[in-house]
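Shown next, in structure tokens, is the structure this report addresses.
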Amino acid sequence: DVSNWRLVQAKSAVTYVIPAGTVIPANGYLIVARNATKAAFEAFWRAGAALASDVVYINTAGALPLINGSENYTLYNAAGTKVDGATISMPSSAGRSIRRNDPCAAAGTASSWTSGVTTTATPGTGAGPGCAKGPVINEFSDASGTGNYVYEFVELHNDR
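Those letters in the sequence shown? Residues 2 to 161, per our numbering, in order.
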């Protein structure tokens, strides 16, 4: 249960509070998307294929993420204790997908992540094998193309 947990985006000083009642299934995902309906998000990132049943989707209505380059993310639980992060930063030019290699590795270490062009994003899939750590920041991605900023996302993975 990640109700009232906070996802903080550094550089733009944005904090998003995860809504009450949000539960990430064991080995499941939470996608925190900028401003797209679930159907539009699936059409953009997954060629219309539905997200799996272990994926929880939240449209923040433009609250987060706001990717312009140099952002990183930190996750806090409802009590205000840091759970994960800060992650490495998005390159200053943005236009990348940053994916965690291993949820057990340090979030702020470059070797813990793989960076690729935005088309390499894998929302709702692809978490490393893990170590039963619980919810961690697993991926964050810009969305290239004119007007496609609405498809930006940060993904959490429940490594349990």
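Backbone N, C-alpha and C fix where the C-beta goes; we use that ideal spot for every residue, glycine too.
- In this structure, the CA atom of THR121 is about 6 Å from the CA atom of SER98.
- Its Cα nearest to that of GLY125, the residue ASP55 stands out among ASP55, GLY22 and GLY49.
- Judged by DSSP in its simplified three-state form, GLU43 adopts helix.
- Contact between the stretch 20-35 and the stretch 147-158 is present: 3 or more CB-CB pairs across the two stretches fall below 8 Å.
- The straight-line gap separating the alpha-carbon atoms of VAL137 and SER116 is approximately 17 Å.
- Between the stretch 46-54 and the stretch 99-114, the count of C-beta pairs closer than 8 Å stays below three; the two stretches do not touch.
- In this structure, THR119 and SER142 form a Cβ contact; the two beta carbons are roughly 6 Å apart against a cut-off of 8 Å.
- Pairing ASN5 with VAL18 gives a Cβ-Cβ distance under 9 Å.
- Residue pairing for VAL155: DSSP places it in a beta bridge opposite VAL33 and PHE141.
- In the three-state DSSP reduction, THR88 falls in the coil class, being neither helix nor strand.
- A Cβ-Cβ distance of about 19 Å is found for the pair ASN36 and GLY70, leaving them out of contact under the 8 Å criterion.
- A distance below 6 Å between beta-carbons, with the five flanking residues on each side excluded, links THR23 to the following residues of its chain, in chain order: VAL3 and SER4.
- For SER113 against ASN102, the beta-carbon gap comes to about 6 Å, under 8 Å, which counts as contact.
- Between TYR58 and ALA79, the beta carbon gap of about 21 Å keeps them out of contact (Cβ cut-off 8 Å).
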